[in-house]
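Right under this line is the structure:
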């Protein structure tokens with residue numbers, strides 16, 4: 002619910018779990034549960050090894066969950082952007098014109114910083 006501290010009532014999600022880790026699946030589950038419960042997500046920001054989730058060359062292991070597709074679907078359904086830290090993305094060969102999956106964007110750390118300055122709750126998953 003909107004409050005004086007967090008007027009929009011939404012949260013910024015920061016994901017730092019690499020895409021094929023157990024924590025990455027848990028982060029997606031938590032974000033999905035938040036949206037199902039009516040908590041709006043302002044943005045999902047991926048840092049460190051988690052940026053690989055937005056790579057066009059990502060291929061889920063046989064029989065494993067396709068977290069990239071699941072994040073893309075959740076983002077489309079709930080209406081929030083999927084943002085990658087450009088510095089971390091570059092370390093993994095992901096740039097604006099190479100290696101970035103459709104529907105994902107590079108964005109500076111100003112997004113989480115702005116969220117904090119606006120009083121938007123920030124959740125690190």
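In my numbering, the protein residues as written are 2 to 126.
Don't be surprised by glycine CBs; every beta carbon is placed ideally from N, CA and C.
query: Closest Cα partner of residue 37 within the set 76, 49 and 66; result: 76
query: Beta-carbon separation (whole angstroms), residue 51 vs residue 84, contact threshold 8 Å; result: About 11 Å; that fails the 8 Å criterion.
query: Identified DSSP bridge partners for residue 44; result: 13
query: Cβ pair residue 109, residue 87 closer than 8 Å; result: yes
query: Within 8 Å, strictly: CB atoms of residue 14 and residue 42; result: yes
query: From 21, 62, 32 and 97, residue whose alpha carbon lies closest to that of residue 74; result: 32
query: Assigned exposure category for residue 34 - 16 Cβ within 10 Å defines buried; result: exposed
query: Residue 20, buried or exposed, once every other Cβ within 10 Å from all chains shown has been counted against 16; result: buried
query: Buried or exposed by the 16-neighbour rule on C-beta atoms within 10 Å, applied to residue 47; result: buried
query: DSSP-derived helix/strand/coil call for residue 18; result: coil
query: Short CB-CB distance (under 8 Å) between residue 43 and chain B; result: Given the protein chain composition of this structure (a single chain), no chain B is represented.
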